[in-house]
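Residue numbers (the numbering used here), protein chains in the order written: chain A, 1 to 320; chain B, 321 to 611.
Where is the CB? At the ideal position from N, CA and C, for every residue including glycine.
So the structure is just underneath, and the comments pick up after that.
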Amino acid sequence: MFLYTKDAPKGDIRKVYGETLVELGRKDPKICVVDGDLSTSTKTAMFGKEFPERFFNVGIDEQNLIGVASGLAYDKDRVVFASSFAMFLTGRPWEIIRQHIGYNDLPVKLVATHAGITVGPDGASHQMNEDIAIMRAIPNMRVVVPADIHILKKVLYKAYETPGAFYIRLTREKFPVVYPEDVEFELGKGFVLREGKDVTIVAVGLMVSHALDAATLLKEKYGIEAEVIDPVSVKPIDGELIAESARKTGRVVTIEEHSIIGGLGDAVISELAERYPVPVKKIGIPDTYGESGTAAELLRKFELMPEQLAERIHNWLRSL
Amino acid sequence: MNATKSVEELRKIARQVRIETLKSIYLAGSGHPGGSLSITDILVALYFGGYANVDPQNPYKPDRDRVVLSKGHAAPAFYAVLALKGFFDKELLYTLRKLGSPLQGHVSRKHTPGVEASTGSLGQGLSVSLGMALKRRLDDLDYRVYCLMSDGELQEGMTWEAAMTAKHFKVNRLIAVIDNNNIQLDDFVTKVNSGIYPIEEKFQACGWHTITIDGHDFEQILKALDEAVKVSEEKPVAIRAITVKGKGVSYMENTPAWHGKAPDREKFIEAMRELGVSDEEIEAFLNKYDK
């Protein structure tokens, strides 16, 4: 069912976001898009070019960006997509998101690009490793982290069709294709991408393909059969699917390109603590800041490359 | 447009709004009397002077005027105006801030008909109003957006992000009224952060038309709103209404201490008497609601 191989082609996540926005804009003449001077990077400029009257580039003022998006959305008769880099879309105006979009569950779909450590050379100021944590803390906010271009497209359509607030997390980097084009996405329903009996790996975003590669290495090098799950949405999260897997494997590893505080790992642990407590190893960015470097260099520094992941998982399993 | 009332009638309604505001705050045991009383006359002029085009029977009809109470802590006065206008039963005013009440401590669109934006966190209303004004253009309807602001929230950077962006998008039919009572929670605005002054020049620099008035003189308020309605066809308008915090209750007037606390029974009775409520009426009210 799943396309992924070690040599899977890469898909341009941001370009697909821009193209899908244009598609949605043609379908629904009421959709509006708001951006803050990053539209050529987030690719919302593609929408702006075709629908200039429904596109608002407010400049470098993210608090106002959220205020304007909220004002457009308060009547709930228009779906609004609002974009910037993850740091500035979620960090700078967090309380305004909470006050209007969260509290009133407005149909504003916050789509952030350039999340995580892979934003690379820009350094710590731009490396947003805390966005999943702060967004999932807001009541009503749905948090989705697509792993490739095909699921992203389905996520965007689902966010458009579903009333209320969404946070969709994208990165700057291109991702390997994991899913077939006709994949179906349901909010709160994850996918088992590889079956195994020894350990469950739960990953989101770019880390899904890394987890799949790590699972192959675990089998080849150590004979460990890892089950790999992509929950796609971190909130609501498919706790049932994860707990079911944990019942089989008895051990769970979470992998995310995000701080190990408050992100996917903690969401998984919360579910398992109630449903089926097992030992969990959280892998991600530790409680620290990044620095300048290429995406690959930084992934290596934080030991998130497939062979490093396989090694870490193997060592952890041995230590239990 | 709603039927216009005479200045004399507006004064009577304003007195009623002040009475209901203080009754609700007294029963709640908390709230913001100072900033509610300072904006009362502006609210009354807007809702009863023939400006805010709203229909209490159909509070969210598409072409209604949007009134955003950016200074969400003036909720008690706003609720009193909405109740007198017929949006909900006046009895509800006496549930203000109580568990389960639709009248939240700061206005909430989720809870109360007639509320356009949930506020309480200052400095956000102008930006939300800007979004609504941009939406109006897309909707191609004739409504206006009124944003009622405090002077203190001019200290929030987001206010100015919105002010300059309104110019960039050549927004029209957006009217901001600044309740300039010169008092914020800690002290006088001039003492805490006087940098908000001069107000008019800042808005003018952002491309707004400005009008300065006495915010308790109905003739001036109505004239300013007339001018704002006209000029706002071309560019956004900011009305700086110079007001008195706690207006109408002498011991509250111009006193920072009355920004955010409720009067005790004795002080409440004193305020009611000053607003012309008879001792019999006060006693009947207290017997019924303040057990």
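In the DSSP annotation of this structure, the continuous segment of the alpha helix (DSSP H) that includes A/M135 starts and ends at 131–136. In this structure, A/S84 sits near A/D35, with a CB-CB distance shorter than 8 Å.
With contacts defined by Cβ atoms closer than 8 Å, A/R194 and A/L217 do not form a contacting pair. Closer than 8 Å to the CB of B/K430 there is at least one CB belonging to chain A. Here B/P576 carries a helix assignment [DSSP, helix/strand/coil].
It is roughly 30 Å from the alpha-carbon of A/E181 to the alpha-carbon of A/P52.
With a 10 Å radius around the Cβ and a threshold of 16 neighbouring Cβ atoms, B/G349 comes out exposed. Bounds of any beta strand (DSSP E) do not take in B/S356; it lies within the alpha helix (DSSP H) bounded by 353–368. From the beta-carbon of A/L218, no residue of chain B is found nearer than 7 Å; the closest lies around 49 Å away. Between B/P353 and B/M572 a beta carbon distance of about 6 Å is seen, short of the 8 Å cut, so the two are scored as contacting.
Residues of the stretch 67–78 of chain A with a C-beta atom less than 9 Å from some C-beta of chain B are G67, V68, A69, S70, G71, L72, A73, Y74, D75, D77, R78, listed in chain order. For B/V387, the beta-bridge partners assigned by DSSP are B/Y466.
Interface with chain A (8 Å Cβ-Cβ cutoff): B/V448 is included.
Look at A/D230: its C-beta is not under 8 Å from any C-beta on chain B. Assignment of A/P121 by DSSP, reduced to helix, strand and coil, places it in the helix class. B/H529 is bridged by DSSP to B/V557. Of the other Cβ atoms in all chains shown, 16 or more fall within 10 Å of the Cβ of B/H579; this residue is therefore buried. The residues M305, in chain order, have a CB closer than 6 Å to that of A/L299 in the same chain once the five nearest residues on each side in sequence are set aside. Checking the DSSP bridge columns, you'll see A/P176 partnered with A/K10. Closest in alpha carbon position to A/I101, among A/T118, A/A82, A/V119, A/A86, is A/A82. Look at B/A482: its C-beta is under 8 Å from a C-beta on chain A.
By the criterion of a C-beta distance shorter than 6 Å, A/P231 is surrounded in its chain by G190, I237, D238, once the five residues flanking it on both sides are discounted.
Considering only B/A548, B/N513, B/T532, the residue with the shortest C-alpha distance to B/R560 is B/T532. The stretch 303–317 of chain A makes no contact with the stretch 137–148 of chain A, as fewer than three CB pairs between them are under 8 Å. When rounded, the separation of the alpha-carbon atoms in A/N57 and A/L24 is 18 Å. Not a single C-beta of chain A is nearer than 8 Å to the C-beta of B/S470. Annotation: A/L21 to A/M46 spans about 8 Å, alpha carbon to alpha carbon.
Between B/Y399 and B/L347, the C-beta gap is not smaller than 8 Å, which leaves the two residues out of contact. The C-beta separation of A/T171 from A/T118 comes to about 5 Å, placing the pair in contact by the 8 Å criterion. Within the stretch 435–469 of chain B, the residues whose Cβ lies closer than 9 Å to some Cβ of chain A are E436, A437, S438, T439, G440, S441, G443, Q444, G445, L446, S447, V448, S449, L450, G451, M452, A453, L454, K455, R457, L458, D459, V465, listed in chain order. Here the alpha carbon of B/L366 sits roughly 58 Å from the alpha carbon of A/T294.
Put simply, the CB of A/Y103 is near chain B, with a gap under 8 Å to one of its CB atoms.
Taking the C-beta atoms as reference points, B/H529 is found nearer than 8 Å to B/K555.
In the structure shown, the three-state DSSP call for A/Y289 is coil. For B/L595 against B/I339, the beta-carbon gap comes to about 5 Å, under 8 Å, which counts as contact.
When beta bridges are read from the DSSP output, B/L494 appears opposite B/V465.
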